[in-house]
Amino acid sequence: MERMNETNELEEMRAQMALLKEKLDKEEILTDNLLKQAMTGKMSTINRYKWITLFAALFALTFGNLSWYGIGLPLRFLIGTSILMVVSVVATWIIHAKMDEEDIMNGNLLEVAKNAKKLKMQYITWQRIGWPVIVVWLAWFAYELLSLNHDKEYLVGLLIGCAIGGIIGGIWGHMMNRKVLKTCDDLIKQIEE
Amino acid sequence: MEANEREFAGIVRKHKNTIYTVCYMFSKDEDEVSDLFQEILINLWKGYEKFRGESSLNSWIYKVSLNTCISADRKKKKMGKKVDLSVGSNLYEDTDQDTKQIRQLYSRISKLGVIDRAIVLLWLDNLSYDEIGEIVGISTKNVSVKLVRIREQLKAMKG
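Chains as they are written, first to last, in our numbering: chain D, 8 to 200; chain C, 15 to 173.
Put into structure tokens, the structure is as follows:
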């Protein structure tokens, strides 16, 4: 039997739904302005992060490498850093592959929760790998910088400047990560409620 | 307006009541309805090119609308310009008899969990069990089981 036995509550709710439709039929609701605005819409938090990572890496690859090359950091450091950035961007894009906005919206409700859980786990794994790699990279950077044949005071100043920049970048990255994880958590909680 | 934009506008105009109903059932006030409606339109427009008609247009619109309402970050401040909906009546505040009835429907549905809310909404809109199952991601048999449980929940709420 496909249709369930209709109870009084559900019959009443169907009648109320008909009232709602009748009321909405009399309303314009959708204006041209609203449509125009929608067609120039913005990205979700999750999707935005993917693009920010790409642009940050592209900026660091060009501007960072040029300035580091300018102060005389060795080629092995530039190549190593470039590889790390490319790996970071590729990993971020792979992690987000199943969470593209169109896929989220076109999938069924339970599929969305499943993908959000997967994204969350991948993010946590990525963080566990990412932070030790960053610490090793920072130590390498400090070592290479202090090994340069420049005035020590200048190098220490440069290192402090880079450390401040790194801390600001690290805090920002951590906040972005937390935001994505929170978005996933809210989504999972809502669906599993 | 280009041809695909005109086509899209025609589709959403035809289904505006469906979109509004989903927003209403998942919101707490008119402002939230307006924000969600706008977000659904954005998501529909983004997904429109990828929509290949594997499911019916109505099912697709329901999927995008429900997914948007469930996953929307309600605390997020809107970056873009806010455009209000053109709705004369306020379903949360008006006191006429019809609106009171509609509000009773809202009050019953909003007490359910999001998946149950989606199922009952689709059922009330006369979608088949197959369509409901496809949108929610559960089997047709499961839809039937869930509806029985929802009925019990509604009964318990009344009692």
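Each residue gets a CB set at the ideal place from its N, CA and C atoms; glycine is no exception.
{"query": "Have a look at G168/D and H103/D and give me their C-alpha separation to the nearest angstrom.", "result": "33 Å"}
{"query": "Is it right to say Y150/D is buried, meaning 16 or more other beta carbons lie within 10 angstroms of its own, or is it exposed?", "result": "exposed"}
{"query": "So is T47/D buried or exposed if we call it buried at 16+ other beta carbons inside 10 Å?", "result": "exposed"}
{"query": "For Q23/D versus Q118/C, is the C-beta distance shorter than 8 Å?", "result": "yes"}
{"query": "Does DSSP classify S41/C as helix, strand or coil?", "result": "coil"}
{"query": "With burial defined as no fewer than 16 other Cβ atoms inside 10 Å of the residue's Cβ, what is the status of E21/C: buried or exposed?", "result": "exposed"}
{"query": "Are the segment 71-82 of chain C and the segment 19-34 of chain C touching by the rule of at least three beta carbon pairs closer than 8 Å?", "result": "yes"}
{"query": "Among V97/D, V119/D, D32/D, W133/D, which residue has its Cα nearest to the Cα of H181/D?", "result": "W133/D"}
{"query": "At 4 residues or longer, what runs of the alpha helix (DSSP H) sit wholly inside the segment 55-111 of chain D?", "result": "72-78, 82-103"}
{"query": "For V159/C, does the count of other Cβ atoms within 10 angstroms reach 16, so buried, or fall short, so exposed?", "result": "exposed"}
{"query": "Check whether the Cβ of M20/D lies closer than 8 Å to any Cβ atom in chain C.", "result": "yes"}
{"query": "What's the call for F40/C, buried or exposed, on a 16-neighbour Cβ count within 10 Å?", "result": "buried"}
{"query": "For I174/D and A120/D, which I take to be in contact (beta-carbon distance under 8 Å), what is that distance rounded to the nearest angstrom?", "result": "Not confirmed; about 36 Å, so no contact."}
{"query": "Is the CB of A170/C under 8 Å away from at least one CB in chain D?", "result": "no"}
{"query": "If you reduce the DSSP assignment to three classes, tell me which class S100/C lands in.", "result": "strand"}
{"query": "Going along the segment 125-145 of chain D in order, which residues come within less than 8 Å of chain B, judged by CB to CB distance?", "result": "Judged by its chain identifiers, the structure shown contains no chain B, and its protein chains are D and C."}
{"query": "Nearest CA to the CA of M42/D: which residue from W59/C, D43/C, V47/C?", "result": "The displayed chain sequence assigns Leu, not Met, to residue 42/D. Checking every option, the nearest Cα to that of L42/D belongs to W59/C."}
{"query": "Quick check: what's the CA-CA separation for G7/D versus G127/C?", "result": "The structure shown does not extend to residue 7/D, since chain D spans only 8 to 200, so no value can be given for it."}
{"query": "Is there at least one Cβ from chain D nearer than 8 Å to T109/C's Cβ?", "result": "no"}
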